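In the numbering used here, the protein residues as written are -13 to 275.
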């Protein structure tokens, strides 16, 4: 980056975007924000407020977006494209598919603008503390130019350049599916033990402990015994998009597809990423005495 700090625009000030925008302001960057909820803009002290996303884009050197779903993120990317100008940088922090990220990057390149896909992991806890994991896809020179911005909101050792456009999203799929499947596996086997009327503490004592997978095994067991297993996420709301996009790239994800189909037949009784979703634990145990 040049010595003169770039003018940043930030769209989407929810559980992730709000803390990220705040940290950028606190780091000394000139930040203009926009959100459909005016109260969320007011909460970012020190930021300028844009009357619309179009106005924000017109006044920013670098535009960042953080919105909560595939469809909203992809549609927003297309909406902002209309106002993009040569040399402008766009950074999408939301999760979309690799195919969507590639398509958007190409569309921005045709206007001589650059779009990076930089999905993040770490939830609101990580966003508040500036310790997000960040998976960067797109033009490498532009990514390196933006690295100081990433270091404000992410944990340095877990900010990684993943390759061309779409690769950041591909790594995010690895992250999400690994979490979802591992939770599902441990919930399923603990459900089996519970179905067989076995004391789960005995199961944990015999199998858990130590490090590696046994440590996570213990963690899931304790959540079942002491916490709220109904709300343990298996990333249901994202699984179908992931498996469908994998097929577009000639790759099958049979375990992920099976998890999605099992859950999809169930009742939507919990909330996952603001959307109604089935509870994997409930579906496992609903016919167990």
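Positions of the beta carbon are idealized from the N, C-alpha and C atoms, including for glycine.
This structure is a prediction, so every number in the text was calculated from the model and none was measured.
Residue i by DSSP, collapsed to three states: which one?
i, result
"residue 84", "helix"
"residue 24", "helix"
"residue 71", "coil"
"residue 168", "helix"
"residue 50", "strand"
"residue -13", "Residue placement at residue -13 is poorly supported in this model, since its pLDDT is 42, which falls under 50; the coordinates are not used for a value here."
"residue 174", "helix"
"residue 253", "coil"
"residue 96", "coil"
"residue 269", "helix"
"residue 201", "helix"
"residue 29", "coil"
"residue 6", "helix"
"residue 208", "helix"
"residue 274", "coil"
"residue 158", "helix"
Per DSSP, which residues does residue i bridge with? Please list them.
i, result
"residue 34", "18"
"residue 121", "146"
"residue 107", "119"
"residue 258", "261"
"residue 101", "76"
"residue 184", "Its beta-bridge partners do not exist; DSSP assigns none."
"residue -6", "17 and 48"
"residue 140", "118"
For the candidate residues the options, whose alpha-carbon lies nearest to that of residue i?
i, options, result
"residue 24", "-2, 89, 66 and 180", "-2"
"residue 203", "139, 38 and 167", "167"
"residue 21", "236, 52 and 9", "52"
"residue 172", "243, 44 and 189", "189"
"residue 97", "191, 69 and 196", "69"
"residue 177", "228, 210 and 221", "210"
"residue 80", "265, 71, 55 and 110", "55"
"residue 33", "12, 47, 83 and 41", "12"
"residue 74", "-5, 115 and 85", "-5"
"residue 233", "85, 17, 122 and 142", "85"
"residue 143", "163, 121 and 158", "121"
"residue 186", "41, 205, 196 and 198", "205"
"residue 243", "228, 235 and 37", "228"
"residue 30", "5, 39, 46 and 49", "5"
"residue 264", "92, 253 and 131", "253"
"residue 226", "46, 82 and 9", "82"
"residue 247", "224, 256, 260 and 199", "224"
"residue 78", "72, 90 and 71", "90"
"residue 134", "57, 9, 174 and 208", "9"
Quick test of your reading: residue i and residue j, contact by CB under 8 Å. State the CB separation rounded to the nearest angstrom.
i, j, result
"residue 106", "residue 2", "7 Å"
"residue 94", "residue 67", "6 Å"
"residue 118", "residue 139", "6 Å"
"residue 218", "residue 169", "5 Å"
"residue 101", "residue 76", "4 Å"
"residue 15", "residue 42", "Between residue 42 and residue 15 the Cβ distance is about 14 Å, and since that is not below 8 Å, they are no contact."
"residue 221", "residue 162", "5 Å"
"residue -7", "residue 45", "6 Å"
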